[in-house]
Amino acid sequence: MTEKFIMAGTTALHVCDSEAGERCVVLLHGYLESLLVWEEFVPLLYKRVRVVTLDLPGHGISEVRGDVHTMEFLADTVADGMRALGIERFTAVGHSMGGYVALALLERHPEMLEGIVLLSSTPNADTPEKAENRRREITLVRAGKKDALARVAPAAGFAPENRQRMKDAVEDLAEQVFITEDEGIVALLNGMIERPDRNDLLRKSPVAQLFILGRKDGYIPAEAAEKLAAAHPQAQVVWLENSGHMGFLEEPEACAQALLEFVERAQ
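Here it is, written out as structure tokens:
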């Protein structure tokens, strides 16, 4: 993987690019993550497809651009970044918040997408309760108490029975929280609160779609995930039976296989 900074429009973007492969997969990380989260997953993919990972603006070491990073701004930045790399078409794989960015890409740059994969993600807007939780997090971060997020959020992403086995991954994720700029966290929380419902967009889109869902996800409980799958008969659905919200870390081989099979069919 070649690591570099590129200009995506007017935003400096930190990317890693395997540079080889006829088809391309762009991995979009979730909230409180960075491109580092994909480090062990990428080797399961890059022999068969070109893989690009990046730090979404506000996380990792990409730029923070203002108080609100809308999903649309992030999508435009990803699209500009791919054009800067000479990539005209790709499959967008969005984990959690990255899925919201992938959906905004589908709305604004559908001609660039060969497929869209929502990995432990949803096209729903925030419920009032969820939006209120995000506002509480903003208050916490602005009060200089980001360490409270680092203590709770990383472990909560894993199925309870996987937490001990994945403790190194939990520690890595906690470290990513600490190195994320407070302003970036706030900008992305504000952007997630603002995002619209994109269920209709998905249903009407001709772009190939895959949901990869964890059966033991604490953020998208199985009952809600089943409803989501039922509401989108046009999408392929793959269940990771022993995963929480971090299926690409908890069951990496099964996740990679589902993704590669989808990419090869979506062409």
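Last residue of the sequence shown: 305 in the working numbering, with the numbers rising by one and none dropped. By construction, the Cβ of each residue, glycine as well, lies at the ideal position given by its N, Cα and C atoms. From a predicted model like this one, the values you see are computed outputs, not experimental measurements.
Check your understanding: Would residue 202 be called buried (16 or more neighbouring beta carbons within 10 Å of its own) or exposed?
Key -> exposed
Practice item. Report the residue from 152, 223, 257, 278 whose alpha carbon sits nearest the alpha carbon of residue 188. Key: 223
Check your understanding: With residue 172 and residue 227 assumed to form a contact (beta carbons below 8 Å), what rounded beta-carbon distance in angstroms separates them?
Key -> 5 Å
Exercise for review: Closer than 7 Å by C-beta to residue 134: which residues in its own chain qualify, once you throw out the five before and the five after it? Chain order, please.
Suggested key: 68, 69, 158, 159, 283
**Study point:** beta strand (DSSP E) segments (min. 3 residues) lying fully within the region 250 to 305
**Key:** Counting only runs of 3 or more residues that sit fully inside the region 250 to 305, the beta strand (DSSP E) segments are 274 to 278, in chain order.
Check your understanding: Tell me the DSSP bridge mates of residue 133?
Key -> 157
Practice item. Would you mind reading off the limits of the beta strand (DSSP E) that contains residue 88? Key: 88 to 92
Exercise for review: Could you check what DSSP says for residue 49 in three-state terms: helix, strand or coil?
Suggested key: strand
Exercise for review: Could you pull out every residue in the same chain whose Cβ sits closer than 7 Å to the Cβ of residue 72, ignoring the five residues on either side in sequence?
Suggested key: Same-chain partners within the cutoff: 93, 97, 98, 214.
Review point. So what's residue 235 in DSSP terms, helix, strand or just coil?
Key: coil
Practice item. Could you check what DSSP says for residue 63 in three-state terms: helix, strand or coil? Key: strand
Check your understanding: Pick from 76, 247, 48, 225: whose alpha carbon is nearest that of residue 39?
Key -> 76
Review point. What is the rounded straight-line gap between the Cα of residue 216 and the Cα of residue 124?
Key: Between the alpha carbons of residue 216 and residue 124 lies a gap of roughly 33 Å.
Exercise for review: Kindly indicate which three-state DSSP category residue 194 falls into: helix, strand or coil?
Suggested key: Of the three classes helix, strand and coil, the one that applies to residue 194 here is helix, per DSSP.
Check your understanding: Within this structure, are the beta carbons of residue 115 and residue 218 separated by less than 9 Å?
Key -> no
Check your understanding: Is the CB-CB distance between residue 246 and residue 255 below 9 Å?
Key -> Cβ atoms of residue 246 and residue 255: not closer than 9 Å.
Check your understanding: residue 138 to residue 200, Cα distance in whole Å?
Key -> 26 Å
Practice item. Using the DSSP secondary-structure output, state which residues sit across from residue 128 in a beta bridge. Key: Looking at the DSSP output, residue 128 bridges to 151.
**Study point:** residue 278 vs residue 253 beta-carbon contact at 9 Å
**Key:** Closer than 9 Å, so yes.
Practice item. Leaving out five residues on either side along the sequence, give the residues of the same chain with a beta carbon under 6 Å from the beta carbon of residue 61. Key: 87, 301
Exercise for review: Verify whether the separation of the beta carbon atoms of residue 306 and residue 225 is less than 9 Å.
Suggested key: One cannot answer for residue 306 here, as it falls past the ends of the chain, which runs 39 to 305.
Exercise for review: Over the uninterrupted alpha helix (DSSP H) stretch that includes residue 119, give me the two end residues.
Suggested key: 109 to 122
Check your understanding: In the structure shown, what three-state DSSP assignment does residue 177 receive?
Key -> helix
Practice item. Could you pull the start and end residues of the alpha helix (DSSP H) that residue 106 belongs to? Key: Per DSSP, residue 106 belongs to no alpha helix (DSSP H) and is neither H nor E.
Check your understanding: When the Cα of residue 46 is compared with those of 101, 190, 249, 136, which residue comes out closest?
Key -> 101
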